[in-house]
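See structure below.
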Amino acid sequence: MAYIPFHFSHVPTLETDHLQLRELQADDATNLHQHFQRTETYPTLDTLDAVEDWIYHIRRLFEVMKAIHWGIIHTDTNALIGIASIQEWHQQSQYAEVHYSLTPPYTRQSYAIELIQALVTFGFKRLDLNRIEANVILGDDDMMLSLEQAGFQHE
């Protein structure tokens, strides 16, 4: 895979067969709040104000080149169905972590594999990573299976 440097001027849009990963906007707050309530991904984001503050916070993380967050859009319905990110990016050691959360009922479909593959391709090709990890909450068998199907190995 050829390395094409990424410059942190804007959050890039990534596309797969069924998904579009795009920058999260302030007007996504209501849909994100519903997502967080349905998935319990971030229990502290229990109010709309907290979600709006979080969107502001992740933009600051991008500006200082610490993380890239995306909203996951289902291209057939244009619905926000989750969030994804590349975080803990260490440029010198060429390491980062991928994180994602899909809203039910999208968790047990092939969308997670598409999503993971898009994040990994971006990480290796644009961020020049040589190691990508994913942390999984104990007992999240769906995420473990999706990561393994996308080529991750359990360590």
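Numbered by my numbering, the letters in the sequence shown go through residues 10 to 164 in order.
Beta carbons: idealized from backbone N, C-alpha and C, even for Gly.
- Along the stretch 52 to 130, the alpha helix (DSSP H) occurs as fully enclosed runs of 4 or more residues at 57 to 72, listed in sequence order.
- Leucine 156 and threonine 56 have their alpha carbons spaced roughly 30 angstroms apart.
- At a Cβ-Cβ threshold of 8 angstroms, threonine 48 and leucine 124 do not count as neighbours.
- Under DSSP, arginine 31 shares a beta bridge with Gly80.
- By the Cβ rule, the stretch 67 to 84 does not count as touching the stretch 137 to 147, because fewer than three pairs are nearer than 8 angstroms.
- Following the DSSP letters along the chain, one finds glutamate 142 inside the beta strand (DSSP E) bounded by residues 140 to 142.
- Between the C-alpha atoms of leucine 41 and asparagine 139 there is a straight-line separation of about 31 angstroms.
- If you look at histidine 44, you'll find it in the alpha helix (DSSP H) that goes 38 to 48.
- By the CB criterion at 8 angstroms, isoleucine 95 and leucine 111 fall outside the cutoff.
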